[in-house]
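Beneath this line is the structure, given in structure tokens, with notes to follow.
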Amino acid sequence: MMRIYDTARQSVVPLELRDEGKVSIYVCGPTVYGPPHLGHGRHALVYDVLRRFLAWSGLEVTFASNITDIDDKIIDRAQRENRDWADIAVKCEGVWWQAMDRLNVSRPDLTPHATEYLGQMIDLIADLVDRGRAYQTSDGVYLSVEQVEGYGLLAHQSLDELRAGGGERELVGAEKKHPADFALWKLAKPGEPSWPSPWGEGRPGWHTECVVMSLDLLGEDFDLHTGGLDLTFPHHENERAQAVALDKRFARRWMHHGFVELEGEKMSKSLGNVTNLLDLMDRYDARAYRLLVLQSHYRSPIEVTETTMTNAEAALGRLDAFARRTAGLSGRADGSVLDRFRAVMEDDLDTAGATDLLFRQVREANSALDRGDDDSAAVAATTARELAAVLGLEFRVESSDVPGEIQDLADRRQEARAAKDFATADTLRDRLAQAGWTVEDSADGPILRRHGG
RNA sequence: GCGCGGAUGCCCGAGCGGCCUAAGGGAGUGGCCUGCAAAGCCAUGAUUCGCGGGUUCAAAUCCCGCUCCGCGCUCCA
846 MMRIYDTARQ SVVPLELRDE GKVSIYVCGP TVYGPPHLGH GRHALVYDVL
896 RRFLAWSGLE VTFASNITDI DDKIIDRAQR ENRDWADIAV KCEGVWWQAM
946 DRLNVSRPDL TPHATEYLGQ MIDLIADLVD RGRAYQTSDG VYLSVEQVEG
996 YGLLAHQSLD ELRAGGGERE LVGAEKKHPA DFALWKLAKP GEPSWPSPWG
1046 EGRPGWHTEC VVMSLDLLGE DFDLHTGGLD LTFPHHENER AQAVALDKRF
1096 ARRWMHHGFV ELEGEKMSKS LGNVTNLLDL MDRYDARAYR LLVLQSHYRS
1146 PIEVTETTMT NAEAALGRLD AFARRTAGLS GRADGSVLDR FRAVMEDDLD
1196 TAGATDLLFR QVREANSALD RGDDDSAAVA ATTARELAAV LGLEFRVESS
1246 DVPGEIQDLA DRRQEARAAK DFATADTLRD RLAQAGWTVE DSADGPILRR
1296 HGG
């Protein structure tokens, strides 16, 4: 059985499912107000791999991930740029999916939008008000956290401790009964988008949508709620608080992944301030980011730098070379390796251990091929392909489109080689290298491939 | 101040009491292969896991203290 680190329990626990054979996952999706950044990318990759693995293990996975399409940040940008907020949301969502496609991240089964759930959010807030667990002020409706059993479960701090922190910040909303109370409904200021409600024209607070949508689509007591470490508090804490205040069972397990770190000043210069995911994918092979994410544990921070990305690309080169070399081989996957793969992945999603197994299979296949043992090579290659597929890693078998003049140089080099005119052949190879192409003389003839830079 | 998490070879990064040899990737070096390369294979690489104590037959792994680093602490993810 899959075991994961549960933020609430602070330990690795079995993922005991609500319904046998089925797993329901809610991933907090993006607020669409700008291009996705590296953190979004890691987020998407981690849960994409989780999902692929669970499905591969035979579970029926329901994967829901929302789009927050109404939020303060969207409104801010709309006002700053004098644009329609909905236009920003729609366009940014388009960019988001484009980025996901490039990362080879599968689409969620369900993609609820906040704006589709206004009615249900208002119902939920009204219910909380009826129960006396939420109250109205001059600027909105707030949840009273003191009436929530176990508030601080995810933050692992008591209300007093939470209050003690933060230093000398001004308390926003002086009418709040407790500083930790948070807005369920915000009354609109002039010019802001708004929807009618019993408390006046306004919009929902950020934390409410995920409660409504997860419960609506996955039902009470759904299996897994996930997101970045930064969402633990206040976002997830406040989602849970609302469900608890409604006497509803919420997520059974909470899973949070670590941050992406950029190298210090020096490198961020050479990286050209790449925090934008699209920029990163323009600069490097998009698969390299996935590999980088896979090679460390999801709860550890990852360092995205020129070096780590370049290393990942080099490793990818190894995988691609392997794929080219073994493209014609097919066999049965090695069951014992598959078992080990399952075991490491079930151990809190140990993707580093999984890539370890993948690379060992690659070496095994290459090694077998070198000693002429095609049968063993076929088994290792098939196994490797299966593991890679579960991890969402695709191999590049064909060389990219070769421009005519490059092909021409390569052909002339072959002629020279055939004529044993190696001086000419080497000169031509140098020219190819200068043009950014590497020649690999395989048993089946030369292979051209682009190299970095 | 409080909470959470880190510190492992040249770099990235697993491991979290013995089962294990401290994985895997990248870079380096030597060899095989190759006309030469590339790719691949083989070999090599931490008597040691931030520092200081302690527990244990046994610690990178547990406990205590310390030093650095990251993140959060009220709708700013």
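Using our numbering, you'd call the opening residue of the first sequence number 846 and step up by one each time.
Cβ atoms here follow ideal geometry from the backbone N, Cα and C, with glycine treated the same way.
None of the values given here were measured: they were computed from a predicted structure.
Within 10 angstroms of its Cβ, does residue 1049 collect 16 or more other Cβ (buried), or is it exposed?
By the neighbour-count definition (other C-beta atoms within 10 Å, threshold 16), residue 1049 is a buried residue.
Quick check on the DSSP output: what are the complete beta strand (DSSP E) runs of length 3 or more inside the stretch 1131 to 1160, in order along the chain?
Every beta strand (DSSP E) stretch that sits fully inside the stretch 1131 to 1160 and reaches 3 residues is listed by chain position as 1147 to 1149.
Could you check how far apart the C-beta atoms of residue 1327 and residue 1161 are, in whole angstroms? I think they sit under 8 Å.
Beyond the ends of the chain as shown, which are 846 and 1298, falls residue 1327; an answer cannot be given.
Limits of the alpha helix (DSSP H) - the one that residue 945 falls within:
Looking at the DSSP string, the run of the alpha helix (DSSP H) that includes residue 945 is 930 to 947.
Give the straight-line distance between the Cα atoms of residue 852 and residue 1097, rounded to the nearest whole angstrom.
C-alpha separation (whole angstroms): 11 Å.
Which value, in whole angstroms, describes the spacing of the CA atoms of residue 1011 and residue 1046?
Annotation note: pLDDT 47 at residue 1011 (below 50); position unreliable, coordinate value reported separately. Here the alpha carbon of residue 1011 sits roughly 31 Å from the alpha carbon of residue 1046.
According to DSSP, is residue 1256 part of a helix, a strand, or is it coil?
Three-state DSSP puts residue 1256 in a helix.
Considering only their Cβ atoms, is the gap separating residue 1054 from residue 1094 smaller than 7 Å?
No. Outside cutoff.
Cα-Cα, which of 1083, 1107, 928 is closest to residue 1036?
Among 1083, 1107, 928, the Cα nearest to that of residue 1036 is on 928.
On a Cα-Cα basis, can you pick out the residue from 1290, 892, 1191, 1168 that is closest to residue 951?
Looking at the Cα atoms, 892 is the closest of the given residues.
Tell me which residues share the same chain as residue 847 and place their Cβ nearer than 6 Å to its Cβ, disregarding the 5 neighbours each side in the sequence.
Result list for residue 847: 860, 1191, in chain order.
Measure the alpha-carbon distance for residue 1256 versus residue 1215 and round it to whole angstroms.
One Cα belongs to residue 1256, the other to residue 1215, and the distance between them is close to 27 Å.
Assign residue 1115 to buried or exposed, taking buried as 16 or more other Cβ atoms, counted over all protein chains shown, within 10 Å of its Cβ.
A caution first: residue 1115 carries a pLDDT of 47, below 50, which makes its placement in the model unreliable, though a value can still be read off. Around the beta carbon of residue 1115, fewer than 16 other beta carbons sit within 10 angstroms, so the residue counts as exposed.
Beta-bridge partners of residue 908, as assigned by DSSP
Residue 908 pairs with 870.
Residue range of the unbroken alpha helix (DSSP H) whose run includes residue 918:
Where residue 918 is concerned, the enclosing alpha helix (DSSP H) stretches over 917 to 926.
Whole angstroms is fine: what's the gap from residue 1159's alpha carbon to residue 1197's?
Residue 1197 has its alpha-carbon roughly 17 Å from the corresponding atom of residue 1159.
Segments assigned beta strand (DSSP E), at least 3 residues, entirely inside the stretch 1034 to 1086
Complete beta strand (DSSP E) runs here, min 3: 1047 to 1049, 1069 to 1073.
Rounded separation between residue 994 and residue 868 - CA only
Between the alpha carbons of residue 994 and residue 868 lies a distance of about 27 Å.
Tell me residue 979's beta-bridge partners as DSSP assigns them.
In the DSSP output, where bridge partners are listed per residue, residue 979 has 988.
In terms of residue numbering, what span does the alpha helix (DSSP H) encompassing residue 1207 cover?
Its alpha helix (DSSP H) spans residues 1196 to 1215.
Under the three-state reduction of DSSP, which class applies to residue 1295: helix, strand or coil?
Of the three classes helix, strand and coil, the one that applies to residue 1295 here is strand, per DSSP.
With DSSP as the reference, label residue 950 as helix, strand or coil.
Correct three-state label for residue 950: coil.
Rounded to whole angstroms, what's the CA-CA distance from residue 1082 to residue 1099? Just pull it up for me.
Taking the straight line from one Cα to the other gives about 10 Å.
Considering only their Cβ atoms, is the gap separating residue 1059 from residue 871 smaller than 7 Å?
Between residue 871 and residue 1059, the gap from beta carbon to beta carbon is short of 7 Å.
Can you tell me whether residue 1193 is buried or exposed, with buried defined as 16 or more other CB within 10 angstroms of its CB?
Burial call: buried.
Can you tell me whether DSSP reads residue 958 as helix, strand or coil?
DSSP places residue 958 in strand when its eight states are reduced to three.
Any idea if residue 1084 is buried or exposed, counting beta-carbon neighbours within 10 angstroms, 16 or more meaning buried?
Its Cβ being crowded by 16 or more others within 10 Å, residue 1084 is buried.
Near residue 1141, which residues of its chain fall below 7 Å by C-beta distance, leaving aside the five closest residues on each side in sequence?
1147, 1197, listed in sequence order.
How is residue 1003 classed by DSSP in three states: helix, strand or coil?
Note: residue 1003 maps to coil in three-state DSSP.
Between 1073, 978, 970, which has its C-alpha nearest residue 1044's C-alpha?
For residue 1044, the nearest C-alpha among the options comes from 970.
Can you tell which of 890, 1130, 875 has the C-alpha that lies nearest to the C-alpha of residue 1143?
Closest by alpha carbon: 890.
Spatial neighbours of residue 1206 in its chain, beta-carbon cut-off 6 Å, leaving aside the 5 residues before and after
The answer, listed in chain order, is 1225, 1228, 1229.
Which of the three DSSP states, helix, strand or coil, is assigned to residue 1237?
For residue 1237, the secondary structure class from DSSP, reduced to helix, strand or coil, is coil.
Taking Cβ to Cβ, would you say residue 1237 is nearer than 7 Å to residue 894?
Contact: yes.
Can you name, in chain order, every residue of its own chain whose Cβ lies under 6 Å from the Cβ of residue 1092, other than the five neighbours on each side?
Excluding five sequence positions before and after residue 1092, none of the CB atoms of its chain fall closer than 6 Å to its own CB.
Minimum C-alpha distance to residue 1178 - residue among 1220, 1212, 1124:
When each option's Cα is compared against that of residue 1178, the closest is 1220.
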